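K.L.:
Residue numbers (this note's numbering), protein chains in the order written: chain A, 18 to 373; chain B, 129 to 701. Virtual Cβ for every residue (Gly too), placed ideally from N, Cα, C. This one's a predicted model, so the numbers in the text were calculated from it and none came from an experiment.
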Ligand SMILES: Nc1ncnc2c1ncn2[C@@H]1O[C@H](COP(=O)(O)OP(=O)(O)OP(=O)(O)O)[C@@H](O)[C@H]1O
Ligand SMILES: [Mg+2]
């Protein structure tokens, strides 16, 4: 298994920046995910690692070996394409064997390896099927088997689940994760689905517009986003603008435009934030951390929207100068109606402070 | 993986070279060189020659001289014939498409197979059979003469109308193919929607169906006009001298090369204009909904009298379509010189077919054409596949230019291609490796290569476009080199496309007449010219035996490509 180092890589298409100044170290054996909205440069980065694009600037290293301008066929990678890119004129076995034939393995070895990997992806009965005789999920697994059978140093997957329906997607997600941890191969996974990213990855890189916004474990990214984009993009949140009013030891008091005072804790803020009185900050509050009742940070507001989802009741509450998305777990089947007043409390630990 | 690392550091210089921005231009340079040497340069030579009179414009002044109007008249006649051909072809082709796609009547099945027969007739052979059937001393005029005991034949096909009838017969298929494809693609729900909104039958037709067919009709009209302008065989056989192609031929045979060049330039101008309009139109036309899996409902012809009429009409249609081939077969068994004033030949023999394969002199032209066709087609494959790959997969400046340069020779009349080649290769020339090509074996393969340049190119790029780029990338990511991927993945998946284009190029070369007649060398006479010569020495039997051979070959090829492309024959036009 190899590690991947990306040093100051940029890729320009004409004048458009596909990726800007990317610096990244993916550890050997890690499951690493590129996450971001459409057009943010995930595929571009992946294709540079695969060798289908060459960077305009910067270097890519596998372990300590410079592969920046190495042809894709010399990189020993396994890649799963979004549309699978299976060879339509070959059977399942011929598809899987292709990479082994390129590597000039003997017939016997090829057969043994193909049989083994086919078992691993649960396709033992399907060796002689034509590609167009397989379901979407089966095709997906052939693509995975074909990429894995060559024992690649790095496995690259570009939105491998986006063509599957919801149920199959979940099954396959578990499957990919199982196979990956069984083989321990360094894996780079591209997706714009945060659920997928959160549940599978060791670490995630969040991208926007060709720039890295944050790199971290799923917990870090969710609980300690380093900027507004990440806070907003990952999960649901309320972002409220405020200024720092007072600092008492570990407590930070902030004041919103309408004069509402909220208190939070110093350590619950993004690493880049400097705490100076009078600074403008953004408070991120997750809807599920707001509760009904009184306590720390009590406020009242008027309900303008109610949505019953079964497991919870979602409200939008109009406070003085901002509105809050609130999610209340459904305990006793009672909920308020539009136009009613509601009193809310937010634990001090649930306030998270972000810079600009 | 130590091995891969080692080899990669070794190949570093090569890697740097191949990943350079300009490397793609090294790859496409040979393509441009070929086009420059064999398309642009000969064309430029003709262009130069057309200005080489007493003063630069004197040839053009002569052309448009009101005092000797032969040339203007020829231009006018060509346009006139082409316009009427378009109208006739459109009427026949679209009507046939509607009848066969929308109605069920006795004889529909056989008619829908035979409707494509004209595509199987090489131009010369087609005209030949028409003169045998309907010409001055043709079977039908004579039959009527005998039947009614007349002094003269009561009617016969000749002159401009002869040309137009032959054009209609051979070219309505372009309309038929595009119109029936369009009709198949028409979503029946549209018609039903219109009907449900209260539209009557006539309104549905004029407001819904015909507008949806317009793109295909316009495209076919442009094509048929272009081909009619370039038509040479029909005017030659019906003795219509005042057409552009005939004028070029006459100027050339009278040794008036300047004038031939001038006439060629003017004809090329018309053809290329039409090509450009056609490309422009194809790019802006939108393909209507092609909802799949809907079979258009065929109305049953039900009333008794209609049924009888439909049966008679389809019988006559079938007869008209099949007769040209039957007559060729019939005459190919007749004894040369024995058929004079009778309705049908009287004496029959198998000699001609025997001679084809046993008599050295009869076999020679066949063998010549096989050789020249194979050489040309081989060139077409190399060039066509490479150009298609470059066009679809590579990114470089000058793509549009490449596309146009490949299409131009196809739009150019064969007569003009021949004149261009004469202008360029009658003297020693660097592109001919310092040889004189005119008068040698090589000039005809070159002409065939140029004329059929787009055939392999177009069918290959069509199948390449359908081949997802990521399939090739998948192969590369699995460690295959470019060449290995090309062999194992790209070639097998585009094979049918390449083969269809190749076969088409091969039969076209095998039957090519228009350019051949102007530049063939007497030591290597091609088959089509041999047919022409036999005709003029009244060896009808041998001529027809040659013709039947060609038709058999074309039928085989059509059947193969029909099987390959599962019913989308004609897509390579
Ligand atoms: N071959 C190319 N030529 C020009 N621009 C490109 C090319 N490939 C990508 N881009 C541009 O680079 C940017 C990043 O594209 P990329 O394909 O990496 O996005 P992505 O994150 O994979 O998005 P998606 O989730 O939609 O697949 C986009 O603005 C895109 O338009
Ligand atoms: Mg992408």
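(1) Can you tell me whether residue 680/B is buried or exposed, with buried defined as 16 or more other CB within 10 angstroms of its CB?
(2) 7 Å is my cut-off, CB to CB: does residue 526/B come that close to chain A?
(3) Determine the DSSP secondary structure at residue 130/B, reduced to helix, strand or coil.
(4) Would you check if the distance between the CB atom of residue 360/A and the CB atom of residue 303/A is smaller than 7 Å?
(5) Comparing C-alpha positions only, which one of 193/A, 306/A, 191/A and 325/A sits nearest to residue 364/A?
(6) Would you mind reading off the limits of the beta strand (DSSP E) that contains residue 255/A?
(7) Note down the Cα distance separating residue 124/A from residue 145/A, rounded to an integer number of angstroms.
(8) Establish whether the CB of residue 251/B and some CB of chain A are separated by less than 7 Å.
(9) Is the number of C-beta pairs between the region 272-284 of chain A and the region 322-330 of chain A that are closer than 8 Å three or more?
(10) Considering only residues of the same chain and omitting the five flanking positions on each side of residue 206/A, which have a CB-CB separation below 6 Å?
(11) Hey, quick one: how far does the alpha helix (DSSP H) through residue 76/A stretch, first residue to last?
(12) If you measure between the beta carbons of residue 500/B and residue 573/B, is that distance less than 7 Å?
(13) Would you decide whether residue 172/A is buried or exposed? Buried here means 16 or more other CB atoms lie within 10 Å of its CB.
(14) Mind listing the chain B neighbours of residue 119/A? Cutoff is C-beta to C-beta under 7 Å, in chain order.
(15) Taking the alpha-carbon positions, what's the residue 56/A to residue 226/A distance?
(16) Could you name the residues of the same chain whose beta carbon sits closer than 7 Å to that of residue 502/B, not counting the 5 residues immediately before and after it, in chain order?
(17) By the DSSP assignment, the alpha helix (DSSP H) with residue 304/B in it spans what residues?
(18) Can you name the start and end residues of the beta strand (DSSP E) that residue 297/A belongs to?
(19) Which term fits residue 89/A, buried or exposed, when burial requires 16 or more other beta carbons within 10 angstroms of its beta carbon?
(20) If I measure Cβ to Cβ from residue 23/A and keep anything under 6 Å in the same chain, skipping five residues before and after, which residues do I get?
(21) Any heavy atom of ligand 1 closer than 6 Å to the beta-carbon of residue 130/A?
(22) Quick one: which unbroken alpha helix (DSSP H) runs of 4-plus residues sit fully inside the region 229-285 of chain B? Chain order, please.
(23) Just curious, the beta strand (DSSP E) that residue 106/A is in, first and last residue?
(24) Could you run through the region 584-602 of chain B and flag, in chain order, every residue whose CB is less than 7 Å away from some CB of chain A?
(25) Tell me whether residue 100/A sits in a helix, a strand or coil according to DSSP, three-state version.
(26) Alpha carbon to alpha carbon, what distance is there between residue 79/A and residue 420/B?
(27) What are the boundary residues of the alpha helix (DSSP H) that includes residue 576/B?
(28) Report the three-state DSSP secondary structure of residue 691/B (helix, strand or coil).
(29) Closer than 9 Å by beta-carbon distance: list the chain A residues that pair up with residue 621/B, in chain order.
(30) Is there a Cβ from chain B that is less than 7 Å from the Cβ of residue 90/A?
(31) Is the closest heavy atom of ligand 2 to the C-beta of residue 208/A under 6 Å?
(32) Starting from the beta carbon of residue 617/B, find every residue of chain A whose beta carbon is closer than 7 Å, and list them in chain order.
(33) Between which two residues does the beta strand (DSSP E) harbouring residue 230/A extend?
(34) Does DSSP classify residue 563/B as helix, strand or coil?
(35) Indicate, with yes or no, if ligand 1 has a heavy atom lying under 6 Å from the CB of residue 75/A.
(36) Report yes if the C-beta distance between residue 203/A and residue 313/A is below 7 Å; otherwise report no.
P.N.:
This is what the structure holds:
(1) exposed
(2) No, no contact with chain A.
(3) Since pLDDT at residue 130/B reaches only 39, below the 50 mark, its modelled position is unreliable, and the value read off the structure follows with that caveat. Correct three-state label for residue 130/B: helix.
(4) no
(5) In terms of Cα proximity to residue 364/A, the closest of 193/A, 306/A, 191/A and 325/A is 306/A.
(6) 255-265
(7) 16 Å
(8) no
(9) no
(10) 50 and 174
(11) Element bounds for residue 76/A: not the alpha helix (DSSP H) but the beta strand (DSSP E), 74-79.
(12) Yes, these two residues count as a Cβ contact at 7 Å.
(13) buried
(14) 606, 607, 608 and 612
(15) 7 Å
(16) Closer than 7 Å at Cβ, skipping near neighbours: no residue.
(17) The continuous alpha helix (DSSP H) containing residue 304/B extends over residues 287-313.
(18) 297-302
(19) Result: buried.
(20) 39, 41 and 77
(21) no
(22) 236-242, 251-262 and 267-276
(23) Counting along the chain, residue 106/A falls outside any beta strand (DSSP E), and DSSP gives it neither H nor E.
(24) 596, 598, 599, 601 and 602
(25) Coil at residue 100/A, not helix or strand.
(26) Because residue 420/B carries a pLDDT of 41, less than 50, the predicted location of this residue cannot be relied on, and the following value inherits that uncertainty. Answer to the nearest angstrom: the Cα atoms are 48 Å apart.
(27) 571-579
(28) When secondary structure is reduced to three states using DSSP, residue 691/B falls in the helix class.
(29) 104, 105 and 106
(30) Yes, residue 90/A counts as interfacial toward chain B.
(31) No, ligand 2 has no heavy atom inside 6 Å of this Cβ.
(32) 104
(33) It spans 228-233 - the beta strand (DSSP E) in which residue 230/A sits, taken as one unbroken run.
(34) strand
(35) no
(36) no
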